[in-house]
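Chemist:
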Amino acid sequence: MAGLAERHGLRLVFTVELVAGPQVSKLAVAQHISEHDAVAVIVPSFGHADAVRQVVTGAAALITPVRVYPRGYRWPALEAGGQL
């Protein structure tokens, strides 16, 4: 994770491992972003952030090994019964 942070000119400050349901995870992520004044959340894969992606990009950038989702990124809306 530190290498991924460095690749984007960032410094890894805090690591969080969540083993909780989606609502608690969203609250915890929002709290950590706020407490640490984070400009980005770095994850080892998109799957690690899927459930909290909207919370993350509402306050910070989301960085995965494949892509950077900037702060304020607008996630596509799913149509009824549709898939991404």
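The opening residue of the sequence shown carries number 68 in the numbering used here; numbering runs sequentially from there.
Built from N, CA and C at the ideal position, the CB exists for glycine as well.
Computed from a predicted structure; not experimentally measured.
Determine the contact status of L79 and A95, defining contact as a CB-CB distance below 8 angstroms.
Modeler: no
Chemist: Which residues in the same chain have their Cβ closer than 6 angstroms to the Cβ of A69, if we skip the five residues on either side of it in sequence?
Modeler: L79
Chemist: Report the three-state DSSP secondary structure of V123 (helix, strand or coil).
Modeler: helix
Chemist: Buried or exposed: where does V108 fall if 16 or more other Cβ atoms within 10 Å of its Cβ makes it buried?
Modeler: buried
Chemist: Along the chain, where does the beta strand (DSSP E) that runs through L129 open and close?
Modeler: A128 to I130
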